[in-house]
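Protein chains in written order, with our numbering: chain A, 1 to 356; chain B, 357 to 661; chain C, 662 to 1163. Where is the CB? At the ideal position from N, CA and C, for every residue including glycine. Owing to the predicted nature of the structure, the values given are computational and were not obtained by experimental measurement. Below is one structure, written out as structure tokens; comments come after it.
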Amino acid sequence: MAKLDLRKIGYSFFWLLALLPLVIGTGCRKVEEEIGGIQIVFRTDCQWLEENGRREMASALSRFDKIDAVYGHNDPQAHGAYLAAKAEGRGREKTVKFIGIDALPHEGVMYVKQGVLTATLEYPTGGKEAIDLGMKVLKGEEVPKWITLGTRLFTKENVDKGGLEIPAKGPKRSGLKPDKPRPSKRLAETKQVVIGMSQCNLAEPWRVQMNEDVRDQAKKYPEIKLLEKDAQNDVTVQQSQVREFLTQGIDLLIVSPKETVPMTVPVKEVYDAGIPVIVLDREIQGTSFTCFIGGDNVLIGREAGKYIASLLNGKGNVVELQGLMTSEPGVDRHEGFLQGLKDYAKEHEAEAGSGK
Amino acid sequence: MIGAIFPGMSGENKLGAFFTWDYHRDMLRDYSIHGILACGMTIVILTAGIDLSVGSLLGMTGMFFAHLMINLQLSPAVGIPFSLVAGTAAGLLNGVVITSFRIQPFVATLAMMVSARGLAKFIGGGRKIQAGTQQLPAIFEQISSQVLNNNLAIVTIIFLASMGVFWLILNRTRFGRHLYAIGGNDEAARLSGVRVNLVRTAAYGIAGLMSAVAGVCYAARTYYGDPEAGQGYELTSIAMVVIGGTSLIGGRGGIFLTLLGTLIIGYIEKILSINGVEIAYRFMVEGAIIVAAVIIQQTGRRTRL
Amino acid sequence: MKDTPLLQMKRISKSFPGVQALSEVSFELHEGEVVGLVGENGAGKSTLMKILSGVYAPDRGEILIDGQAVRFSSPKDAERAGVAVIYQELSLVPSVSVMENVLMGREPRTRWKTVDWREMARVSSELLTLLDMPIDVRRPVEEFGVAVQQMIEIAKALSLNARILVMDEPTSSLSEHETKQLFDIVRKLKGKGVGVVYISHKMEEIYEIADRITVLRDGQHVGTATAEELPSEKMIQWMVGRKIDQFFPSRTPEIGEELLKVSGLTLPQPGMSGVNLVNNVSFSVHSGEILGLAGLRGAGNSPLLGAIFGRYGRRPRGDIHIRGEKVEITSPPQAIAHGMAYLTNDRKASGLVLPMSVLHNMTLVSLRDMTRFGWLDPLVEQRSASAYRDSLSIRTPSLRTEVSTLSGGNQQKVILAKWLMSEPSILFLDEPTRGIDVGAKTEIYSLMNRWASEGKAILLITSELPELLAMSDRILVMHRGEITAEFSHEEATQEKVMAAAM
Chain A
1 MAKLDLRKIG YSFFWLLALL PLVIGTGCRK VEEEIGGIQI VFRTDCQWLE ENGRREMASA
61 LSRFDKIDAV YGHNDPQAHG AYLAAKAEGR GREKTVKFIG IDALPHEGVM YVKQGVLTAT
121 LEYPTGGKEA IDLGMKVLKG EEVPKWITLG TRLFTKENVD KGGLEIPAKG PKRSGLKPDK
181 PRPSKRLAET KQVVIGMSQC NLAEPWRVQM NEDVRDQAKK YPEIKLLEKD AQNDVTVQQS
241 QVREFLTQGI DLLIVSPKET VPMTVPVKEV YDAGIPVIVL DREIQGTSFT CFIGGDNVLI
301 GREAGKYIAS LLNGKGNVVE LQGLMTSEPG VDRHEGFLQG LKDYAKEHEA EAGSGK
Chain B
357 MIGAIFPGMS GENKLGAFFT WDYHRDMLRD YSIHGILACG MTIVILTAGI DLSVGSLLGM
417 TGMFFAHLMI NLQLSPAVGI PFSLVAGTAA GLLNGVVITS FRIQPFVATL AMMVSARGLA
477 KFIGGGRKIQ AGTQQLPAIF EQISSQVLNN NLAIVTIIFL ASMGVFWLIL NRTRFGRHLY
537 AIGGNDEAAR LSGVRVNLVR TAAYGIAGLM SAVAGVCYAA RTYYGDPEAG QGYELTSIAM
597 VVIGGTSLIG GRGGIFLTLL GTLIIGYIEK ILSINGVEIA YRFMVEGAII VAAVIIQQTG
657 RRTRL
Chain C
662 MKDTPLLQMK RISKSFPGVQ ALSEVSFELH EGEVVGLVGE NGAGKSTLMK ILSGVYAPDR
722 GEILIDGQAV RFSSPKDAER AGVAVIYQEL SLVPSVSVME NVLMGREPRT RWKTVDWREM
782 ARVSSELLTL LDMPIDVRRP VEEFGVAVQQ MIEIAKALSL NARILVMDEP TSSLSEHETK
842 QLFDIVRKLK GKGVGVVYIS HKMEEIYEIA DRITVLRDGQ HVGTATAEEL PSEKMIQWMV
902 GRKIDQFFPS RTPEIGEELL KVSGLTLPQP GMSGVNLVNN VSFSVHSGEI LGLAGLRGAG
962 NSPLLGAIFG RYGRRPRGDI HIRGEKVEIT SPPQAIAHGM AYLTNDRKAS GLVLPMSVLH
1022 NMTLVSLRDM TRFGWLDPLV EQRSASAYRD SLSIRTPSLR TEVSTLSGGN QQKVILAKWL
1082 MSEPSILFLD EPTRGIDVGA KTEIYSLMNR WASEGKAILL ITSELPELLA MSDRILVMHR
1142 GEITAEFSHE EATQEKVMAA AM
């Protein structure tokens, strides 16, 4: 029975001794990084989760009296940070700027409309572009082999106008020769095409959005019949689903691969069978595809860095809530952010120099 | 003194955040939802059972609540009871499956864990249910607010009140005594006139009810219903119960120990978080401390016997 | 028969904490001989055989096989020396095929080190044909009845080239026909020079199969004689022949009204149609009476009490009347409501809730009386528990002590206190003195007398005959689920009871 055994309670908290250095050391650690006038005071891996963003932000808030901006690697983390500031009860949710990434219509863009987030940067799904490009290929037009999409910056002012377009600085991989045009016979003869869409995981909101973009854009072409398959985050399932499309007889494949290497061979099989393939978001090896469309996380991170630096006039304390740092997008969004801050600092120096 | 050694730290709290009440309030608030789940988990574990479905039921009832409140715009006087009933019903179903078909609790609740998660996704069509640009019902704000000049979260009050109620149930009712008896020796309990199946079913029903309480709190805290909410919470709440010292074999333990376990896990994570310790180290330190805490509990028991 | 015996066990002693299980027991077995090993429950037969099969190491004494001293440190050692034991509980794996069970752990291998299934089937079916059991060895064991499973066990023993075969109550779940079959095989083995130790409670069987009989009592070797020289009366005398001690307090019974009447009670054994643990039993017990239920292990007296108490749910058939009124009892709470109390014969498995305190164990049945407006009143609980602690003189450091730390006698008294608190009128006591010391035993005897004089009816089961004879006002003897005899306190003797029970 639960009896109040004081000695036992003492035992239970014995571990606090082990953490004593951390308890005393709380608030004694150095600033993580300082670029120009911007200090990144708190930085931690939140694994893309809103819950973690919220918890880590609560820690940052209780450590620092002065926080000027929060950079979340995705919108849920930034939203979590906002909720933490609100729960703190010192009204800091109104003074701190929250910036997120992804800008899904139901998430980041809505938060900006609500005034929760100061800004969010779009990580484009490429769904709309995939259908447009696919139709061009089927009609026999030549398309570039590699397309890197830009981003859009949504703020309270421009959110109703569809955000501020920021173009990409050219494709990430250049010098690839476009495929020879191969117009689809079926499209020409029957005015009908079948497009297969292989999605690796529909449990992620961003990928749900990608499918929705594809679907919405496909509705604009009456000749398209769209088939969708969800691999439920299993690469072997996706491999067999791609091969299923091949036997089903599609005219174009849109694939958003789970992983680069395992998906290369099945995609090559489809491509070698004469069916054009459009790859979204994650690359595959070699050149056995018609066109790759993807966003640029480094670009997005850099734009976020520049935007935050200009928002703070180059001076202030920033909290960075990182995505999973063992994943490529997490690393890119972090590296880009630092570059953006550096870029701003350099420009600012140059301006100050020319001002003298 | 610490401030004197490290002066001018970019607006940092001079004394160290550990020595502010906000720090402890945040920890309590963040782990209250886990703690509410752990209350229900405690009585299930006391009967030598286990409930893996609490995390999923949290997600399901949270979605249900959000659906009733945001999509259907019902009054909280309808939405809250209905959500609680939904959670309780799912818990009772667990109990009935376990007792009448003699299926191991691990398997039965695992099945419930999977299907409740599916139902959660079904309610929202795979999406979160949120207010968007329309007005959020006031109840969300009310549950996630803090009272006493912003010093105590409502969820923490709900958590501590549940602890109190559970203490009374376990120590001052026949039902509570029967839970211990079943966990300690169910055949002896049966021959002593305890209606074992009934009590066991009720234990799972209560665990379901507490999942629903936690689900409503979670939805209110995040201002939306999230079908993925509560993933992994079942393991955290089991850890809280076990670290406190309640035996997984059943029959030994108590709600007070669960409070202890909740505080232990809460403080570990909070201390590591506030220091911005890297995620990889955090997992290692947490694991080590959990093992150490359990070893300390065990040795404490051995000297007592 | 050779001059050197196949097996000699010389002056074997073994003690467990608190019990001297065997003292200076000697045992001999020759090639091609069947020795019947008999004795009351707890006489030391099982311990002796566990020493032979390497489960226990003896404290003193030696074992010789073919005149060579051997020392077994594990059952594997004994197996290698040619000792095989067939226990009452079969040790086969039910879901696995017959041949795998027979050759488990010694599967024949092919050149590629994989299991040679064909060879395995050949070897095992050869063994079973030898036992006149030509069954399909590829089918799982669970598809066959108990008798066949017994044969499979024997085949397993033969595959080990066993020369000493111990059979512990092998016929307890066999029909008469199957028993006959088993005996044929035992005789066949005998002809092959195998020595068999045959343990049984059934006298007819012993006389049918055994060449010599060895009797143990209280861990001591009483005597060994050939079957012809040992008539059954003498054997029983050897088995029970101890003085009835004076520590049973005397009592003049005052028999009152009939409290419980059972008629035609039958309890089928689960999973075995046609076999009844309790078969058409009728009796009645009166206020102020102690009714003894005698019977050897498996006679059905323990299940009888459980069946009346509702332990087996709806399984039992038959009528129960309490104070002349017909009642329906399908669960323990109903039995408790009718004023019954049931002390089971295994206090750790079904009596105590070990992790709970003495207090909580004592009040478990009668919690309803300790609630006020639905809430337990700890003060009332404490008060009534300490009253019973005093009246039963339970020695415990405090009522909050965990019950598992108490001695056996005090644990038993905690269970008694638990039942007395519910103020029962009919007490079922199954082995109330098992495993407790002499002092505590006497205390429990006095308590039983006190309750009987208070007008309660007591049904008593105990495997200690002297205790049964001294305490009971009337004795019913059970054998194979049926009542075979009834004796009054005056006419009952150990020999009569034993004869009716075997």
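Query: Under 8 Å between C-beta atoms of C:Arg972 and B:Leu547; Result: yes
Query: Collapsed DSSP secondary structure at B:Phe531 in the structure displayed; Result: helix
Query: Chain B within 8 Å of A:Phe289, Cβ atoms only; Result: no
Query: Length of the line joining the Cα atoms of B:Arg638 and B:Glu497; Result: 32 Å
Query: Touch test, the segment 454-469 of chain B against the segment 555-563 of chain B, Cβ-Cβ under 8 Å, three pairs minimum; Result: yes
Query: Touch test, the segment 125-142 of chain A against the segment 180-200 of chain A, Cβ-Cβ under 8 Å, three pairs minimum; Result: yes
Query: DSSP-derived helix/strand/coil call for C:Tyr1106; Result: helix
Query: Straight-line Cα distance separating C:Gln669 from C:Val744; Result: 13 Å
Query: Segments of 4+ residues assigned as alpha helix (DSSP H) that fall wholly inside the segment 1044-1106 of chain C; Result: 1069-1082
Query: Of the listed residues A:Gly53, A:Lys113, A:Gly80 and A:Ala188, nearest to A:Lys156 (C-alpha basis); Result: A:Lys113
Query: Chain-ordered chain A contacts of B:Arg699 [CB-CB under 8 Å]; Result: Summary: the structure shown does not reach residue 699 of chain B, with chain B confined to residues 357 through 661, and so no result is reported for it.
Query: Distance CB(B:Thr578)-CB(B:His390) smaller than 8 Å; Result: no
Query: Residues that DSSP places opposite A:Tyr71 in a beta bridge; Result: A:Ile99 and A:Glu320
Query: Residue range of the alpha helix (DSSP H) that includes B:His380; Result: Trp377 to Leu402
Query: Counterpart residues of A:Lys229 in DSSP-defined beta bridges; Result: A:Ser198
Query: Test item: CB-CB of A:Ser256 and A:Leu280 under 8 Å; Result: yes
Query: Own chain residues within Cβ distance below 6 Å of B:Glu625, not counting five before or after; Result: none
Query: Any non-hydrogen atom of the ligand FAD within 7 Å of B:Val400 CB; Result: Among the ligands in the structure shown, none appear at all, so the ligand FAD cannot be discussed.
Query: Same chain, Cβ closer than 8 Å to A:Glu245, neighbours up to 5 away in sequence not counted; Result: It should be pointed out that residue 245 of chain A corresponds to Phe in this sequence rather than to Glu. The residues are Gly196, Ser198, Leu227, Lys229, Leu253 and Val270.
Query: Proximity of C:Pro755 and C:Glu803 at Cβ, strictly below 8 Å; Result: yes
Query: Distance between C:Pro769 and C:Leu1209 (C-alpha atoms, nearest Å); Result: This structure does not reach residue 1209 of chain C, given that chain C is present from 662 up to 1163, and the question cannot be answered.
Query: Segment contact, 8 Å Cβ cut-off, at least three pairs: the segment 596-612 of chain B with the segment 419-426 of chain B; Result: no
Query: C-alpha gap between C:Gln1043 and C:Leu1020, whole angstroms; Result: 7 Å
Query: Listed by chain order, chain B residues near A:Lys94 by CB distance under 9 Å; Result: Within chain B, no residue comes near A:Lys94; the closest Cβ sits about 15 Å away, beyond 9 Å.
Query: Beta-carbon contacts of C:Gly961 that lie in its chain and below 6 Å, excluding the five residues immediately before and after; Result: Leu938, Val939, Met1139 and Gly1142
Query: Proximity test, Cβ basis, 8 Å: C:Gly1000 and chain B; Result: no
Query: For A:Lys315 and B:Ile361, the rounded distance between their alpha carbons; Result: Caution is warranted here: a pLDDT of 34 is assigned to B:Ile361, below 50, making its placement in the model unreliable, and no coordinate value can be reported.
Query: Within-8 Å CB hit, A:Arg63 to chain B; Result: yes
Query: 8 Å Cβ cutoff, A:Val208 in contact with chain B; Result: yes
Query: Cα-Cα separation between B:Leu413 and C:Val746, rounded to whole angstroms; Result: 53 Å
Query: Sequence ranges, beta strand (DSSP E) only - wholly within the segment 920-978 of chain C, length at least 3; Result: 937-947 and 951-955
Query: Cβ neighbour criterion (16 or more within 10 Å) applied to A:Leu117; Result: buried
Query: Cβ of C:Trp1036 within 8 Å of any chain B Cβ; Result: yes
Query: Beta-carbon gap between A:Pro105 and A:Lys145 smaller than 8 Å; Result: no
Query: Backbone CA spacing between B:Leu604 and B:Ile406 [nearest angstrom]; Result: 8 Å
Query: Beta-carbon contacts of C:Met760 that lie in its chain and below 6 Å, excluding the five residues immediately before and after; Result: Met781, Ala782, Ser785 and Val798
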